[in-house]
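Here is the structure we will look at.
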Amino acid sequence: MRTLAIAVIAAVGICTGLSAQDTTLGKPKAPKKDPNVIAAWEIEEVAGQAHDAYDVVQLLRPRFFHIRAQGTGNDHWNGGPGVLVDDTPRGDVSSLRSVQISAIHEIRYVSGPDAASRYGAEYHAGAIVVKLR
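As structure tokens, then:
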């Protein structure tokens with residue numbers, strides 16, 4: 011009888027997509043984090059700890075600040091990524107201090123080569139793109 015109960019539980023788990031790693035039955039799993047995107051739901055989770063967009067990045071994806079381009083000689087943003095807010099250039103990462111958390115929909119990191127082709131050569135070290143609500 012016990013073997014039958016275990017088999018039924020295993021079958022239900024397989025049919026519903028549960029695995030041994032799902033330890034929080036009844037609680038919805040958080041969406042998967044994209045390493046290059048800070049989504050609105052993540053921003054809401056740190057709203058009490060962060061004062062602005064800079065703090066959000068520092069808390070959730072500090073590597074956005076540390077990615078560097080390989081020696082292009084064009085250090086327009088002091089070697090770090092440039093910042094765009096709703097596709098408008100804002101300068102270096104310190105400009106994130108002026109973006110209020112409540113206004114942010116998403117923060118995305120764009121790699122150096124991709125940012126340079128999209129936004130111009132001065133973004134050779136990448137771009138932090140903030141989309142507002």
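Heads up, the final residue of the sequence shown is numbered 143 in my numbering, and it's a clean run with no missing numbers. By construction, the Cβ of each residue, glycine as well, lies at the ideal position given by its N, Cα and C atoms.
Residues sharing a beta bridge with G122, DSSP: Beta-bridge analysis with DSSP links G122 to no other residue.
Contacting residues, own chain, Cβ-Cβ under 6 Å from A79 (five flanking each side not counted): Because A79 sits at a pLDDT of 49, beneath the cut-off of 50, its placement in the model cannot be relied upon, and the following sentence gives the value as read from the coordinates. If we look at A79 and ignore the five residues flanking it on each side, its Cβ neighbours are G122, H134, A135.
Option in V139, L70, K42 with minimal Cα separation from R100: V139
Reduced DSSP secondary structure (H/G/I, E/B, other) of P99: strand
Within 8 Å, strictly: CB atoms of I111 and A50: no
Within 8 Å, strictly: CB atoms of A60 and V109: no
Cβ-based neighbour list, S104, same chain, cut-off 6 Å, excluding 5 preceding and 5 following: none
Top-ranked residue by Cα proximity to D44, from E116, D97, F75, G92: E116
Best match in I48, E54, G92 for proximity to A131 [C-alpha to C-alpha]: G92
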